[in-house]
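I have placed the structure first, in the form of structure tokens, so that the comments after it can refer back to it.
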Amino acid sequence: MRVIVHRLVLLLALSLVLSACTTFPMGTQRVGRGAETISYAQGELRQTYPASMERVWDAALAALRDMQFTIKGTRKDATGGLIEATRADGMPVRVAVAMAGADRTMLAIRVGALGNKETSQFINARIAEAMSRGAQAEAPEVRLGQLVAEIKTSQGELQGTMAKMKEELQALSQSQSLLNTKFDELMAELRIVQGRVEELGYTTSELGQRVDEVDHKASVFAGNAETMMGRLQTLEGQVKTLDAQRMARPAPSQAGEPPPAPPARTPSPPVETLPQPPSSSMAAAPPALSQSPSSPSTPPQAPLPPAPAASPPSRPPAPMLPSPEELYKASLQAYNHGNYQEAAKGFQSYIERYPKESLISNAHFWLGECYYRQNDYVKAIQHFDIVLKDYPDSNKVPGALLKRGYAFLELGREDAGKTILQELIKRYPATREADIARSRLAKFR
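Each residue of the sequence shown is one higher than the last, beginning at 1 in our numbering.
Put into structure tokens, the structure is as follows:
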């Protein structure tokens, strides 16, 4: 600190010296920095300086001594003073100072009895130089005091700032502790919520299975209903045919003739058995009616036509293919239950049937997971590559990178696996997969 202050003082003194090194021209012009106009009249040079009388007095004495003048006598009071001196050649010199106001002093110089302008100007210039030297000598001390005061002030402010920073640091430390506690509480709540979500997902999957069962039963019921409707329509047709045959029979004979015997009962058509081709016995005439004694003969009744064959029952409807959502959910449920072979078949079927669905990238990812769980790492890598190349915007890309790196590690290719995990951390640094990759890479160090 002292070295810095010393350098500052030297620089300030040098600047003051350079600023004071000005010329003192002839005539009524300014002499030195801060000097006012000078005048020379009746053998006397007069100059007003913007400085105290003491300062001008001291500068005049110093200048005369520097010029080897002999001081004969001095008189000074509160308002002014007079210096009488002689030059080396005996020429008398009188220098008078008088207070001209606040920090204003009148300087008067006379050389000889009649005056000498050039010598008076020379003496005035030396007095101005002496004043400059005094200002230079005084300025470093003043500046040094100012610097010391500023340093003390800065030290006080710095101490106050450090105290505030210490308080703020303590407050931040307390806040950090509170945040850590709150974070732990939130993580515990998050684990509880995750458990509930998993339970809800399991419940949802069970509900989905029940809905599928209900849909299947409804489809079977609909098929049975269609079959029953077909049979009912067949029966209605047979009834209409019998009614038409009954209406087409001939009217009874004339009065006196006995009424014809009732026709033979027509058997009801089969309902549940398949129809058989008509045989010759079904076309035979019905048995003859009994004759009354008064009428030896009665015209025989026309034979009834054979009953129409019943229509075959309609076939049950073909089983409906599952929707994309149903197939995907069923496959994912099989994966969650550890049935990786069944899940792989389901996801493969989803990929083949619904290649344009929005979950196709997810299906490839889960199919790769199924192969990974079955230790078939080559096929797993193939499907992870499909996710990365064909679906770069999928939300499964970070997971595909992670499991692809894991698969290479399982195959013994550590360099490739590490490179893939490092790529995952670089591309998706804020994901959960990146955190897992960092933990895995830390094990190789």
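Beta carbons are placed, not taken as given, at the ideal position from N, Cα and C, and that holds for glycine. It should be emphasised that the depicted structure is a prediction, and the values quoted were computed from it without experimental measurement.
Residue environment: M131 is assigned as buried (16 or more neighbouring CB atoms within 10 Å of its CB, all protein chains considered).
R413 is the residue among A113, E168, Q176, R413 whose C-alpha sits nearest the C-alpha of V378.
Here V56 is buried: its Cβ has 16 or more other Cβ atoms, across all protein chains shown, within 10 Å. In this chain, M67 is not harboured by any beta strand (DSSP E), its DSSP state being neither H nor E. Of all C-beta pairs linking the region 105-115 to the region 61-70, fewer than three are shorter than 8 Å, placing the two stretches out of contact. Collapsing the DSSP output to three states places E423 in a helix.
One alpha carbon belongs to Q121, the other to G81, and they sit about 20 Å apart. Beyond the five residues adjoining it in sequence on each side, A334 comes within less than 7 Å, by CB distance, of E342, A343, G346 in the same chain, given in chain order. Judged by DSSP secondary structure, A334 falls within the alpha helix (DSSP H) whose first and last residues are 324-336. Around the beta-carbon of A442, fewer than 16 other beta-carbon atoms lie within 10 Å, marking it exposed. In this structure, the CA atom of E185 is about 30 Å from the CA atom of L424.
Contact check between the region 431-440 and the region 397-406: three or more CB pairs, one atom from each, fall below 8 Å, which counts as touching. A residue is called buried when at least 16 other Cβ atoms come within 10 angstroms of its Cβ; A78 does not meet this threshold and is exposed.
Checking the DSSP bridge columns, you'll see L45 partnered with Y40, I109.
Contact annotation: D66 and G134 have beta-carbon atoms that are not nearer than 8 Å. Its chain contains I425 as the residues whose beta carbon lies nearer than 7 Å to that of R438, once the 5 sequence neighbours on both sides are disregarded; these appear in chain order.
Between the beta-carbon of L388 and that of G405 there is about 11 Å, and that puts the pair past the 8 Å contact cut. Taking C-beta separations shorter than 8 Å and ignoring five residues to either side along the sequence, the partners of T86 in its chain run F69, T70, K72, P92, V93, following chain order.
When secondary structure is reduced to three states using DSSP, G101 falls in the strand class. Rounded to whole angstroms, the gap between the alpha carbons of T419 and D385 is 15 Å. The three-state secondary structure of R413, taken from DSSP, is coil. The secondary-structure analysis by DSSP pairs E84 across a beta bridge with G73, R94. For D385, the enclosing alpha helix (DSSP H) has its first and last residue at 377-390. For the set L178, E118, E44, the Cα lying nearest the Cα of I109 is the one of E44. In this structure, M53 is the residue among G145, E150, M53 with its C-alpha nearest to the C-alpha of D103. Taking a C-beta distance under 8 Å as the contact criterion, L107 and I127 qualify as a contact pair. The C-alpha of R46 is placed about 6 Å away from the C-alpha of I38.
Rounded to the nearest angstrom, the Cβ distance from I436 to L411 is 19 Å, too far for a contact under 8 Å. In this structure A330 touches P322 by the C-beta definition: roughly 7 Å separates them, less than 8 Å.
Separation of G160 and I192 (C-alpha to C-alpha, rounded to the nearest whole angstrom) is 48 Å. Secondary structure note for Y340: its alpha helix (DSSP H) is the uninterrupted segment 340-353.
The three-state reading of DSSP puts K356 in coil, since its state is none of H, G, I, E or B.
A distance of 8 Å or more separates the beta carbons of Y340 and L359. Around the Cβ of I381, a 10 Å sphere holds 16 or more other Cβ atoms; the residue is buried.
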